[in-house]
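A quick write-up on the structure given underneath.
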Ligand code: 3HC
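Residue numbers (the working numbering): 172 to 868.
The structure is reproduced here in C-alpha cells:
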C-alpha cells in the first residue's frame with residue numbers, strides 16, 4: 172500500500188484518501204498511489220461506488236511543481252485521470268480547500284463532484300506559464316461552455332463552490348465542513364439511486380452549442396492587450412478551441428503538444444522560479460522560525476503625503492486603526508481628502524462598498540499631536556528624505572512611544588543606523604520601505620539596522636503578510652536593494668541620453684523587456700524633484716555628483732506628472748507620456764554646454780547598459796550580504812518595480828542571459844566607459860570563472 176494514498180472500505184463505499192502534505196500535490200508517489208488504490212477499489216466486490224478525498228488542509232492543489240523540468244516518471248497525470256474516468260464503478264470526488272490545476276483535472280475525471288461550502292476550484296496553470304495538461308482544457312469547456320472556460324483557464328482565477336455549482340463544475344455544494352462526510356452522503360445516494368458512471372468526456376451539448384462561434388477570435392483580440400508579452404495564455408486558447416474542433420482523444424493530443432511547448436518555454440521557468448521565490452523570501456536565513464513576533468493592533472504614521480496616506484490605507488484595509496499625523500492642519504486635511512477620494516474611486520469601480528469606505532475612513536484618525544502615539548504598537552515615519560528631520564522625529568518618538576513599540580522609517584535611501592541613533596532604543600528601529608503607490612505595490616522592503624532585534628525583524632515580516640504584501644528583509648546601505656540598483660540604472664539611462672539616445676528610446680527598450688514603464692516615465696511618476704533633492708543632498712555632503720539635464724527639468728519646475736510636464740508632457744487628466752520637443756531642445760542644449768557630440772546608440776547597447784549595471788550592482792549587494800539570496804533581489808524587482816514575473820527577476824534573468832556573457836560585457840564597459848559602476852563585482856567574476864549561476868549560490 173502506498174504511503175501517500177490509502178484505500179479503505181466504509182459500508183458499500185470504497186474510500187481513496189490522498190495524504191501528502193502540505194497541499195496533496197500530484198507527485199510521482201501520489202500518481203502511482205492513486206492508480207493502485209483505484210485498482211484495489213475495482214477488485215473490492217463489496218465496493219459499489221468509490222469516493223476520492225484528501226487529508227489535511229486541501230483537496231489536491233495541482234501537479235507537483237517541484238517535478239517540473241525533470242524527466243517525467245510514469246504514470247503521467249492524464250493517464251491517472253483517464254483511469255478514474257474509465258472506472259466501471261462510479262467515482263465521487265469530495266472537495267475541500269482548493270481543487271487546483273491537476274487537482275481539478277483529477278476531480279473532472281471523477282463522475283460526480285461535491286464540494287464543501289467555501290471550497291474553491293480553478294485551473295491556475297497559466298500563472299506558471301503553462302496550460303492545464305491533464306485534460307482540463309478539454310473537460311472544463313464541456314461543462315461550462317467556451318466563454319467561461321476561456322476566462323478561467325487564461326486568467327487562472329479561482330471560482331468558489333457556489334459559482335462552480337452554477338457552472339456545472341460541481342454537482343452539489345454542502346454546508347458540512349467535512350469533505351469526507353458530504354462525499355460519503357453523495358456516494359451513498361449514487362448507490363441507492365443506481366446512478367451510473369457519468370464521463371465528462373461524453374458530455375457534448377455545450378460543445379455543439381459553441382462550435383464555430385466567434386468567441387475564440389474575440390478572446391484572442393482581448394488577450395493581445397491583457398496578456399502582452401506572455402506566451403501561455405494564447406496557447407490556452409488554442410487548446411480550448413481544440414475541444415470544439417476535434418474529437419476528445421485528438422483534443423487531448425493537441426493539449427499535450429501545447430502543454431509541452433509551454434513547459435519548455437523560458438517563461439515557464441521564470442514563473443515557477445517566481446512562485447517558489449515568493450514563498451522562500453519569507454524564510455529569512457539566520458532568523459529562527461520560532462522568533463517571537465510583536466502584536467500590532469494599532470499604528471501611527473507620520474506624514475499624510477502620498478506615501479503616508481497610501482501606507483495608512485494598507486492598515487485600514489485590514490481593520491487596523493491608524494493615527495495619521497501631520498504638522499499643519501491644512502496638510503492633514505488634504506491628506507485625508509486624498510485617501511477618501513482614493514477609496515471612493517475604488518467603490519465607484521465596484522471593488523468595495525460605500526459601507527466599507529466609511530468603515531476604513533473611520534479607522535484613520537487624523538492628528539497633530541505626537542502624544543496620540545503613546546499607546547500605538549508600530550509607528551511608520553513617512554516624511555521627505557532629510558536626515559536631520561528624520562532624526563528629530565525619532566528623538567521625539569523615543570520620548571512619547573511606549574516601550575516595545577516598533578519604530579519604523581519609510582526612508583528609501585537613508586542610513587537606518589543613523590536614524591536609530593536618535594533614540595535610546597535602536598533595537599526597536601527598523602526600515603519599512605513601501606513602494607509607490609503604497610496602497611497598490613506588493614513589495615515591502617524591510618531594512619534591518621545593525622542593532623535591530625530579531626523580534627522586530629520577524630515582526631515586520633509578519634506585518635507584511637498581514638497587510639497582504641510580500642516582505643523582503645534586506646541590509647542597511649544607500650538605497651538598500653531596490654533603489655540602490657535602480658539608482659545605477661537611472662544614472663546609466665541619463666548617461667545614454669547624454670550620449671545621444673532619446674528618453675523614449677531608452678524607455679521603449681525597457682518596456683519591450685516587459686517593464687510596465689521605462690526609467691523616464693517612472694521618474695515622471697515618482698516626481699523629478701525626488702531624484703533632484705537626493706542629488707542636492709549628496710552634493711551638499713561633498714559627493715561628486717555630475718550635473719544632469721534632469722536637474723534642469725527640476726529647476727524649470729517640470730516635476731513630472733504632477734505638473735503635467737517632466738521628461739514627457741501630459742494632457743490634463745491623463746497619465747500617458749507624450750514626447751515633448753521642448754525637452755529634446757533642453758537635452759540638445761545640455762549636450763552643447765558639455766561639449767558632447769551625440770551618436771547613434773543601438774537598442775542592444777541600451778539593454779546591456781541599463782540591465783547589466785543592475786546585475787553587477789545586485790552581485791555586489793549579494794557579496795556584501797545586503798541581500799541574503801539572489802531570490803530576495805528577484806522578488807524586490809518583481810513586486811517593487813514591475814519587472815516581469817515571467818522573467819523570474821533580475822538575477823534569474825541574468826542567469827538566463829548567461830553570467831559569463833554579462834561579466835565579459837561588464838569588463839568591456841569598464842574599459843570603454845569607466846566608472847565605479849562598471850568595476851565587475853568579485854562575485855560576478857567568480858561565478859563567471861566557475862561557469863556557475865546566481866541560482867547555484
Ligand atoms: N506543488 C508543489 N508544492 C506546492 C504546490 C504544488 N502544486 N502548491 C503549493 N506548494 C507548496 C508551497 O511551495 C509551500 O511550500 P513551503 O511551505 O515549503 O514554502 C506550501 O506548499 C504551502 O503553499 P502556500 O504557502 O502557497 O500556502 P497557501 O495556503 O497560501 O496557498 C495554494 C495554498 C492556494 C494551494 C497555493 O500554494 C497555490 O496556489 N499553489 C499552486 C497551485 C497551482 O498552481 N496548481 C497548478 C499546478 S500546475 C498543474 O497542475 C499542471 C497540470 O495541469 C498538469
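Think of the CB as a built atom: it goes at the ideal place given N, C-alpha and C, for glycine as much as any other residue.
Per DSSP, the continuous alpha helix (DSSP H) segment holding residue 566 begins and ends at 558-571. Non-local beta-carbon contacts of residue 208 in its own chain, meaning distances under 6 Å to residues more than five positions away in sequence, involve 176, 178 and 187 in chain order.
Residue nearest to residue 603 within the set 583, 593 and 804 is 583 (criterion: CA-CA distance). Counting only the Cα atoms, residue 831 lies some 7 Å from residue 862. The region 220-284 is shown to contain whole beta strand (DSSP E) runs of 3 or more residues at 220-225, 262-266 and 269-271, in chain order. By the C-beta density criterion, residue 867 is exposed, having fewer than 16 other C-beta atoms within 10 angstroms. Taking 8 Å as the cut-off, the C-beta of residue 357 does not count as close to any heavy atom of the ligand 3HC. For residue 495, the pairing in a beta bridge is given by DSSP as 472 and 537. Judged by DSSP secondary structure, residue 434 falls within the alpha helix (DSSP H) whose first and last residues are 419-434. Only residues of its own chain outside the window of five on either side were considered, and among them 268 have a CB closer than 6 Å to the CB of residue 228, listed in chain order. Excluding the 5 residues flanking it on each side, residue 284 has same chain C-beta neighbours closer than 6 Å at 264, 278, 341 and 342, in chain order. If you look at residue 345, you'll find it isn't in any alpha helix (DSSP H); it sits in the beta strand (DSSP E) that goes 343-345. Around the beta carbon of residue 561, 16 or more other beta carbons lie within 10 angstroms, which makes this residue buried. Runs of the beta strand (DSSP E) lying entirely within the region 607-654 and spanning at least 3 residues, in chain order: 614-619 and 641-645. Contact between residue 691 and residue 664 holds, since their C-beta atoms are separated by about 7 Å, short of 8 Å. Annotated three-state conformation of residue 291 is strand, per DSSP.
Within the same chain, no residue comes within 6 Å of residue 364 by CB-CB distance, once the 5 residues on both sides are set aside. Nearest in C-alpha terms to residue 420, of all of 477, 379, 305 and 446, is 305. For residue 454, the shortest C-beta to heavy atom distance toward the ligand 3HC is below 8 Å. For residue 577, the enclosing beta strand (DSSP E) has its first and last residue at 577-580. If you ignore the 5 residues before and after residue 217, its C-beta comes within less than 7 Å of the C-beta of 180 and 183, all in its own chain and listed in chain order. Under the three-state reduction of DSSP, residue 555 is assigned to coil, being neither helix nor strand. Excluding sequence positions up to five before and after residue 410, its CB lies within less than 6 Å of the CB of 302, 308, 426 and 429, all in the same chain and listed in chain order. With 16 or more other Cβ atoms inside 10 Å of its own Cβ, residue 390 counts as buried.
For residue 269, the shortest C-beta to heavy atom distance toward the ligand 3HC is below 8 Å. Boundaries for residue 767: no beta strand (DSSP E) harbours it, and the DSSP string shows neither H nor E there. For residue 201, the enclosing alpha helix (DSSP H) starts and ends at 199-214. According to the DSSP assignment, residue 180 belongs to the beta strand (DSSP E) that extends over 176-181.
Look at residue 523 here: in three-state DSSP terms it is coil, with no helix or strand label. Assigned with DSSP and collapsed to three states, residue 355 falls in helix.
Taking the Cβ atoms as the reference, residue 282 lies roughly 18 Å from residue 377, outside the contact range of under 8 Å. Rounded to whole angstroms, the gap between the alpha carbons of residue 321 and residue 328 is 11 Å. Take the alpha-carbon of residue 575 and the one of residue 599: they are about 7 Å apart. For residue 413, same chain residues with a beta-carbon under 6 Å away, outside a window of 5 residues either side, are 422 and 425 in chain order. For residue 331, the secondary structure class from DSSP, reduced to helix, strand or coil, is strand. When rounded, the separation of the alpha-carbon atoms in residue 686 and residue 373 is 45 Å.
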